[in-house]
Amino acid sequence: MEIKDAALVLSALGHEARLSIFRLLVEAGPAGLNAGAISDALAMPPASASFHLAHLSRVGLIQGQRTHRFIHYSANFSGMDELIVFLTRNCCQGESCLPLTAACETREKRRAIAND
1 MEIKDAALVL
11 SALGHEARLS
21 IFRLLVEAGP
31 AGLNAGAISD
41 ALAMPPASAS
51 FHLAHLSRVG
61 LIQGQRTHRF
71 IHYSANFSGM
81 DELIVFLTRN
91 CCQGESCLPL
101 TAACETREKR
111 RAIAND
C-alpha cells in the first residue's frame, strides 16, 4: 500500500458514521449485511447510509454485491489487512512493541507460517 492510498482509506474512516459502518461489517464477517440491515442497526437514515457506503466502497474498504433489489455489503478484509500491515511495518525498528497487534493474525504471519 502506498502512503497516498493509506491516507484516502484513513480519511474515509475518519468519519464517525463510516467508521461505525465499517466496524459493523467487520463484525458481520465475510457474509456481510444488506444496506437496510446496516441502516437499521445503526439507526441511520437510508439515504445517509447509502452515501457513506458508497464512499467506503470507493476507497476499497468494502464491496457491494447486488442481489435482485438489494445490495449486500461486506468488508474488504484483504484491504483492511494491507492497511494494518502498512501502519505497523517496521514499527519500533522491528522490535515487538505492539502486543495487541502481534496477537492478531495477519496475512504476512499466515504466509510466514505456511513457508516454514
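Mapping of the sequence shown onto UniProt numbering: residues 1 to 116, in sequence order.
Beta carbons are placed, not taken as given, at the ideal position from N, Cα and C, and that holds for glycine.
Since the structure is predicted, the reported quantities are computational estimates derived from the model, not experimental observations.
Report task. On the DSSP bridge assignment, give the partners of Thr67 in chain order. Result -> Phe70
Query raised in the report: From Thr88 to Glu82, what distance separates their C-alpha atoms?
Result: 10 Å
Query - Inter-residue Cα distance where the pair is Leu53 and Met1 - result: 22 Å
Query - Anticipated Cβ contact below 8 Å, Ile3 with Leu56, distance rounded - result: Incorrect: roughly 20 Å between the Cβ atoms, too far for contact.
Query raised in the report: With a CB to CB cut of under 6 Å and the five nearest residues on each side skipped, what residues in its chain are close to Ala17?
Result: His52
Query - Alpha carbon of Phe86 to alpha carbon of Ala6, nearest angstrom - result: Straight-line spacing of the CA atoms in Phe86 and Ala6 works out to 8 Å.
Query - Residue span of the alpha helix (DSSP H) that contains Glu16, given as start and end - result: Looking at the DSSP string, the run of the alpha helix (DSSP H) that includes Glu16 is 16-28.
Report task. Grab the span of the alpha helix (DSSP H) containing Gly36 for me, first residue to last. Result -> 35-41
Requested in this report: Compare the Cα-Cα distances from Ala12 to each of Arg23, Met44, Val59 and report the closest residue.
Outcome: Selected option, being the one with the closest Cα: Val59.
Query - Burial state of Gly32 (16 or more Cβ within 10 Å) - result: buried
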